[in-house]
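The sequence shown lines up with residues -9 to 471 when you count with my numbering.
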Amino acid sequence: MKKTILSLLCCFSAYAIVLANPITGLLERIDKDASEKFIIELIEEEEDFFELDQAGTKVVVRGNNYVNIATGINWYLKYYANIHLCWNSMRAHLPGSLPPVRVKERRRPSVEYRYNFDYPAFAYSTVFWSWERWQREIDWMALHGINMPLALTGAETVWKRTLLKLGYSREEVDDFITGPCYLPWFLSGDMRSWGGPLPDSWHAMQSALQQNILQRMREYGMKPVLPGFTGMVPSEHIPKYAVKTYALQKWAGYKRPVFIDPTDPKFEEIAEIYYKEQEILYGKADFYSVDILRHDNRFSGFGFQAAGGAILRTIKSVNPQASWVICASQDNPREDMIRNLPAGDVMILDLYCETQPRWSNSSYYAAETGFGQHDWVYCMKLNFGGNVGLHGKMDHIINDYYAALRSSAGEKTKGIGLTYEGIENNPVMYELFLELPWRNVFSKEEWLETYIKARYGTQNAALEKVWELLSNSIYACPPSS
């Protein structure tokens, strides 16, 4: 009897491991029975890597987490099997016998983090996505090495629950929160009360969706970035609290929320309510995104230094190991806000490095010194407003990224990031950018030769000529444009 129970426990344990392995499902979504053609090996190793190898007729993909294993699978499909997976098609017909890996290939990324999304993408692209569409996107992220995705879905429900706890009426809260297409600007504190109210069914649906999204991201080993507490409220009078608040001018003609001053002693107490509600719904995170006054450079007389300390304390109260993620855009972050914060507690996204880099050209920081003691991420925006366009800066992106790593700011360069406002367009630039950490210095011409073969499944002189023309014209935009 004991042997039978032990046998059943062993079988159950093995079954649980299979279920917990997201790579099997990923491969099956790419092509039926694709998982039978690979051997997946999860290796305990501190530094990120993926490795391609061969065992008989099967391709072996090793890595220290499932994101890196997925990246290795994508690398194999592109550069061994000439199969290109992108937003337009995440399915493929794998050959019955996969091309062998004749020489073991091992790659390590030059940076630890690969970030994804800016706030507006959750309006221009993802706002009405179902779980099926999100599942494809998370697969795309894993295949392309993304391990630090922004996760905003369902954040409005956290705010609703928080504001109700503060004593605001349901009518006041519903009037305050915007409609679906405007939620990213609501969450970044730029607007309120536009396009709503949201029905309870929306909150229930989006909360359930976010739970699925976060579960899958965490299964892959990603570290989602959750929106942190900014202190926005519907009015200066908070029913259950007497606090100091401040108001901002309109943004793009839209009325903005009122904000609790982070220097008020009650700020941290109210923030605790927000983070508790968020934890109930979505758990804790290693990264929290908080930007105050991101789109307002007219505000003066504000205690930025004290505010920075208060915001960081609220984040650390949730998870002592967590980092504060800040967007470097316009005057944000103010130097006073982060100057005295400890190294390792702040991660700055330099949002628009291909055109307006803050790490090397800032009114607050000396050239090529980055952001002082703070870690930062080299980001490419490329897309505004979800507009479709064929353009990019291939040579500049390649050269500037490696220049950043070699600069005095290189030691604090912890990642790359896609900060687009809309997706499903211009895939060549994203493919190029996301391979930067996995390659040594290379040229545009070298990369295009392999990309073309992967994209079209064959070598073709006419296609190579077309891409030569494209890469030297619309994909060779001036750095400052």
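We put the beta carbon where it would ideally sit given N, CA and C, even for glycine.
Best match in T47, L84 and R98 for proximity to E35 [C-alpha to C-alpha]:
R98
Buried or exposed by the 16-neighbour rule on C-beta atoms within 10 Å, applied to Q268
buried
Got a sec? Which residues, its chain only, sit under 6 Å from P12 by beta carbon, not counting five neighbours each side?
Excluding sequence neighbours, P12 sits near Y56, E209 and Y210.
For the beta strand (DSSP E) containing V336, name the first residue and the last one.
V336 to D340
So, helix, strand or coil for W349, using DSSP?
DSSP places W349 in the coil class of the three-state scheme, outside both helix and strand.
What are the partner residues of D190, as DSSP defines its beta bridges?
None; D190 has no bridge partner.
Just to confirm, are T168 and S191 a CB contact at a threshold of 8 Å?
no
Kindly indicate the opening and closing residues of the beta strand (DSSP E) around P217.
V215 to P217
Cβ distance (whole Å) where G273 is taken to contact T220 below 8 Å:
So it is not a contact: roughly 20 Å between Cβ atoms.
Neighbourhood of D340 by C-beta distance below 7 Å, restricted to the same chain and skipping five residues each side:
A318, P347, R348, W349, W366, V367, Y368 and C369
Residues of its chain near K455, where Cβ-Cβ distance is below 8 Å and the 5 sequence neighbours each way are ignored:
none
Within a Cβ cutoff of 7 Å, which residues of the same chain sit near Y354, ignoring the five residues on either side of it in sequence?
Here Y354 scores only 45 on pLDDT, less than 50, and its place in the model is too uncertain to base an answer on.
C-alpha distance - H285 paired with M222, whole-angstrom precision:
15 Å
Among the candidates E37, H134 and E18, whose CA atom is the shortest distance from the CA of R81?
E18
So who's on the other strand from A139, going by DSSP bridges?
The question names Ala, but residue 139 in the sequence shown is Pro. Answer is N106, bridged to P139.
For Y392, which three-state DSSP category applies?
helix
Helix, strand or coil: how does DSSP classify H386 here?
Correct three-state label for H386: helix.
Is there contact here, the segment 22 to 31 with the segment 91 to 109, by at least three beta-carbon pairs under 8 Å?
no
Starting from the Cα of L453, find the closest Cα among D165, R52, I442 and N462 and give me that residue.
I442
Is it a yes or a no for the segment 122 to 133 touching the segment 151 to 165, going by three-plus beta-carbon pairs under 8 Å?
They do not touch, by the three-pair rule.
Span of the alpha helix (DSSP H) holding L422?
P417 to E425
Measuring CB to CB, does I495 end up less than 8 Å from L75?
The question about residue 495 has no answer, for the chain in this structure spans -9 to 471.
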